[in-house]
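First comes the structure, then the notes that go with it.
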Amino acid sequence: ATGSLDVIFTLQGDPSLFVASAASQLLVHMLTFSVESETSKPVSTKDCEWPVCAQMIIKHIEESLQSSSASHIEHSLKLLTSLFGSCYAAWTEVLWLSIAKQIESFLMEETVQAQPMLANLLLNVARSPVFSDTEGSFWALVTSALEHLTPVQAGPLAVGLLRLCKCPQDVRIQALTVLLQPMDCILRAASQPLEYAGLLDESVTDPVTVESLLSSKTSCAGLLCQTLAHLEKLLSLKHLRVDLPCVSLLRSLMTILQFCNGFLSPASPLGSTISRNLINCFRVQKSALDVLAALSDKKGCDSLIRSLFDVLLAYLESPNTSPTVLKKAFQATSKWLVRLQELSCSNSQCQQTEKILEDVFLVLQKRLCSPCWEVRDSSLEFLTAMIKCLRGQDEFRQSLLSSEVPRLAENLLEDAESYVRASAVTAVGHLAFITCFAPESPLGGNQYNKENTVAKLQEILSTDSEGFPRRAVISIFTTWLREGCTGQQEDTEQFVSRVIQTVEHDLDWEVRLGGLELVEVFCSKTICQLGLSECPYAPVPSAVTSSTPQNVLQVFCQAKLFGFLFRSLCDCDKPVGQRACDILIGLRGNFYPISSLENPREIEDSPAGHGIAWLQRTLRQGSLAQNFPTDGENGVDFQDPESMMVALGAIDLLELHDELNKSSDHVEESPQSLLQDILATVGTIEENEVDCY
Numbered sequence: 001a002t003g004s005l006d007v008i009f010t011l012q013g014d015p016s017l018f019v020a021s022a023a024s025q026l027l028v029h030m031l032t033f034s035v036e037s038e039t040s041k042p043v044s045t046k047d048c049e050w051p052v053c054a055q056m057i058i059k060h061i062e063e064s065l066q067s068s069s070a071s072h073i074e075h076s077l078k079l080l081t082s083l084f085g086s087c088y089a090a091w092t093e094v095l096w097l098s099i100a101k102q103i104e105s106f107l108m109e110e111t112v113q114a115q116p117m118l119a120n121l122l123l124n125v126a127r128s129p130v131f132s133d134t135e136g137s138f139w140a141l142v143t144s145a146l147e148h149l150t151p152v153q154a155g156p157l158a159v160g161l162l163r164l165c166k167c168p169q170d171v172r173i174q175a176l177t178v179l180l181q182p183m184d185c186i187l188r189a190a191s192q193p194l195e196y197a198g199l200l201d202e203s204v205t206d207p208v209t210v211e212s213l214l215s216s217k218t219s220c221a222g223l224l225c226q227t228l229a230h231l232e233k234l235l236s237l238k239h240l241r242v243d244l245p246c247v248s249l250l251r252s253l254m255t256i257l258q259f260c261n262g263f264l265s266p267a268s269p270l271g272s273t274i275s276r277n278l279i280n281c282f283r284v285q286k287s288a289l290d291v292l293a294a295l296s297d298k299k300g301c302d303s304l305i306r307s308l309f310d311v312l313l314a315y316l317e318s319p320n321t322s323p324t325v326l327k328k329a330f331q332a333t334s335k336w337l338v339r340l341q342e343l344s345c346s347n348s349q350c351q352q353t354e355k356i357l358e359d360v361f362l363v364l365q366k367r368l369c370s371p372c373w374e375v376r377d378s379s380l381e382f383l384t385a386m387i388k389c390l391r392g393q394d395e396f397r398q399s400l401l402s403s404e405v406p407r408l409a410e411n412l413l414e415d416a417e418s419y420v421r422a423s424a425v426t427a428v429g430h431l432a433f434i435t436c437f438a439p440e441s442p443l444g445g446n447q448y449n450k451e452n453t454v455a456k457l458q459e460i461l462s463t464d465s466e467g468f469p470r471r472a473v474i475s476i477f478t479t480w481l482r483e484g485c486t487g488q489q490e491d492t493e494q495f496v497s498r499v500i501q502t503v504e505h506d507l508d509w510e511v512r513l514g515g516l517e518l519v520e521v522f523c524s525k526t527i528c529q530l531g532l533s534e535c536p537y538a539p540v541p542s543a544v545t546s547s548t549p550q551n552v553l554q555v556f557c558q559a560k561l562f563g564f565l566f567r568s569l570c571d572c573d574k575p576v577g578q579r580a581c582d583i584l585i586g587l588r589g590n591f592y593p594i595s596s597l598e599n600p601r602e603i604e605d606s607p608a609g610h611g612i613a614w615l616q617r618t619l620r621q622g623s624l625a626q627n628f629p630t631d632g633e634n635g636v637d638f639q640d641p642e643s644m645m646v647a648l649g650a651i652d653l654l655e656l657h658d659e660l661n662k663s664s665d666h667v668e669e670s671p672q673s674l675l676q677d678i679l680a681t682v683g684t685i686e687e688n689e690v691d692c693y
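Residue 138 in full-length UniProt numbering sits at position 138 of the sequence shown, and the numbers go up by one each step.
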């Protein structure tokens with residue numbers, strides 16, 4: 001046993017990360033198994049009470065931690081991190097007490113290379129319920145770590161502590177202070193003395209440390225990006241157990257963004273240095289805009305909203321804003337426009353709202369004409385996001401319709417770039433909720449606009465050479481149908497029929513899958529409207545006329561749904577067949593109680609029997625869709641309600657469902673088969689064979 005352990009200890013230092021990690025994990029499992037299977041009474045700090053195997057592993061850990069070898073220390077810290085992250089038994093506290101002094105010494109010795117790994121170890125220990133006692137000595141060690149680790153090392157520990165349910169409040173406050181120190185430094189560097197209050201009353205670590213990191217070109221962006229990423233995580237939490245100083249944080253974010261685009265003249269030498277380090281730093285700009293967007297949900301920042309939009313509009317207008325940063329700026333702007341609209345409704349700030357919206361649409365008009373396709377694409381996505389959130393607001397609708405944005409968006413349906421055409425389809429589809437489907441009839445009349453828009457999108461679905469725009473069209477059509485914008489029942493039936501006749505011949509399987517989603521929504525709404533069940537898409541219960549299953553089937557047959565559904569069962573792309581089968585099973589549930597399903601042996605006795613029996617055999621053989629019959633061939637009439645009623649009851653759709661959901665490797669499923677596939681792909685040179693092993 002000793003020899004085996006020595007081999008595993010050695011493998012912790014293997015040059016292969018996979019082998020080293022596996023060795024560490026194996027030691028964790030061996031230690032856990034040894035203690036939990038060989039111990040009859042609770043262990044204490046005395047060596048003799050640990051089982052033999054556990055004693056050897058613990059002795060190895062302790063000796064490694066006390067050695068002068070950085071690699072040995074690192075291996076033991078990794079092992080301990082893994083152990084405390086996976087085992088929450090009471091004996092882990094005994095182990096911790098035996099090594100805590102050594103861990104503390106690493107914190108005090110600033111030159112020790114082990115410091116970067118201490119944050120993960122302490123965080124895993126903090127997560128363990130064994131250490132939930134807030135009075136324990138462990139938390140004093142955590143406090144010490146927050147003080148002695150560098151800001152970059154302490155950041156992950158701080159954000160992890162703030163996400164814990166059980167953590168002493170003073171430790172939480174200290175962790176938040178660590179996170180906010182770089183933001184506080186930015187705010188103080190940018191302003192005149194006493195002009196604004198900083199974020200912090202006092203620092204955890206020496207402020208000079210943070211200032212020196214932000215003054216260095218090599219570390220400034222890294223520290224800020226890490227800090228901003230942590231703050232974004234905190235802002236996403238539903239319950240944060242400390243109060244964030246949101247106003248000061250927002251002011252700090254605006255300062256960072258102004259440093260990055262050169263729009264702010266710093267008031268101190270430190271501010272000038274930081275500004276030079278950040279100018280045109282895309283990484284920091286994107287991170288700051290992400291946090292800015294997350295802050296839009298927080299209360300108390302309303303007093304800065306005009307200044308905030310000045311910063312955002314500067315980014316939207318500037319030719320120096322990169323396409324990726326512009327996309328983030330659009331996302332933040334849409335979030336804050338929603339917040340602005342809420343304020344406008346509550347405190348009559350209509351004039352300010354109208355001016356901001358006017359400025360936004362002026363910028364958007366220019367961006368929609370950009371020679372850069374990524375900018376045109378992001379602009380259309382921004383337009384769609386705004387419409388989704390704000391289409392019910394009068395000020396927004398009026399500002400939008402009085403601008404050139406709707407016309408420019410429609411022009412981009414013919415853009416040379418397929419991604420842009422797809423985004424234009426989505427934008428125009430959502431614009432239709434305002435220009436076509438609204439109760440009022442702006443811009444030349446509701447009906448004309450509707451027919452014109454539908455015709456353009458159907459042309460794209462039929463003729464566009466790229467898949468992205470066609471996928472966007474079928475998605476928009478489904479959205480319209482789901483929201484009840486396709487007219488009366490007869491109009492909707494014709495609309496769906498035209499769409500699926502186009503879609504079922506599309507070479508892109510995602511377009512065909514989108515067609516099935518359209519069919520599913522249509523079936524659900526029709527069944528609801530004709531009184532067979534409740535509709536999941538109706539916002540309020542609607543008056544329905546009671547109808548028979550035959551009447552509903554008649555509607556589906558007239559729309560030519562069943563030919564599409566049954567042919568899709570044999571689609572060469574499995575997701576299409578699976579979705580079609582799910583829809584047919586759902587339909588059968590509406591037309592047949594489970595107890596009254598047709599007996600397959602009695603199919604031949606019905607008038608449609610021969611054709612349905614043939615259909616069942618064909619489906620079992622998995623015939624491809626291109627060899628599938630058209631209506632009437634082989635006695636199968638997909639437009640005959642009686643035939644389809646028999647088919648739904650007789651065909652074993654559940655068996656088909658199981659077949660379609662079998663993985664493609666069920667024919668030969670083994671590790672050897674998988675390795676043979678890998679080797680066949682990459683070649684059989686010796687190095688690859690070793691990797692596969």
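Yeah, the Cβ is synthetic: ideal placement off N, Cα and C, and Gly gets one too. All values derive from a computational prediction rather than experimental measurement.
CB residue i to CB residue j, shorter than 8 angstroms?
i    : j    : result
L292 : D359 : no
V28  : A54  : no
L413 : V428 : yes
S403 : Q351 : no
F382 : L390 : no
K298 : C246 : yes
K456 : C436 : no
L146 : A175 : yes
F564 : F556 : no
Q578 : N661 : yes
R339 : L304 : no
S568 : R512 : yes
W336 : F361 : no
V242 : I173 : yes
N320 : N261 : yes
E493 : Q558 : yes
Would you grab the beta carbon distance between residue i and residue j for me? Rounded to a whole angstrom, and I think it's under 8 angstroms.
i    : j    : result
V503 : I474 : 6 angstroms
K574 : Q639 : Contact doesn't hold; Cβ gap of about 27 angstroms is too wide.
F282 : S322 : 5 angstroms
C581 : H657 : 5 angstroms
A190 : G271 : 5 angstroms
L368 : Y315 : The Cβ separation is near 17 angstroms, so there is no contact.
L553 : P641 : 4 angstroms
Apart from the five residues on each side of it in sequence, which residues of its chain come closer than 7 angstroms, Cβ to Cβ, to residue i?
i    : result
I73  : S64, L65, S67 and A114
Q153 : Q115, P116 and A119
G13  : A20, S71 and H75
Could you work out which residue in the options is closest to residue i when comparing CA atoms only?
i    : options                   : result
D491 : E517, F522 and R471       : F522
S418 : L431, E374 and P406       : E374
Q529 : L516, L518 and T548       : T548
L519 : M644, R241, I500 and H505 : Looking at the sequence itself, residue 519 is Val, so the reference to Leu does not match. It is I500 whose Cα lies nearest to the Cα of V519.
L584 : S287, D637, W50 and M645  : M645
S378 : S344, F131, V325 and P182 : V325
I57  : S344, S69 and M30         : M30
D508 : P129, S4, P182 and P469   : P469
E93  : A680, V552, V130 and K355 : V130
S399 : L11, V425 and T353        : T353
S137 : A100, A650, L77 and S128  : A100
Sorted by chain position, which residues of the same chain lie with C-beta nearer than 8 angstroms to residue i's C-beta, five sequence neighbours on each side aside?
i    : result
L179 : G155, A158, V159, L162, T227, H230, L231 and L234
H666 : Caution is warranted here: a pLDDT of 48 is assigned to H666, below 50, making its placement in the model unreliable, and the coordinate value is therefore given only provisionally. The answer is none, since no qualifying residue turns up.
F433 : I387, R391, E483 and C485
S236 : A294
N277 : L214, S215, S216, K217, C220 and A221
Using 10 angstroms around the beta-carbon of residue i, count the other beta-carbons present and answer buried if the total reaches 16, otherwise exposed.
i    : result
K525 : buried
N120 : buried
L95  : buried
Q285 : buried
K217 : exposed
P371 : exposed
S24  : buried
M108 : exposed
Ignore the nearest five residues each way along the sequence and tell me which others in residue i's own chain have a CB closer than 6 angstroms to its CB.
i    : result
S275 : F259 and P266
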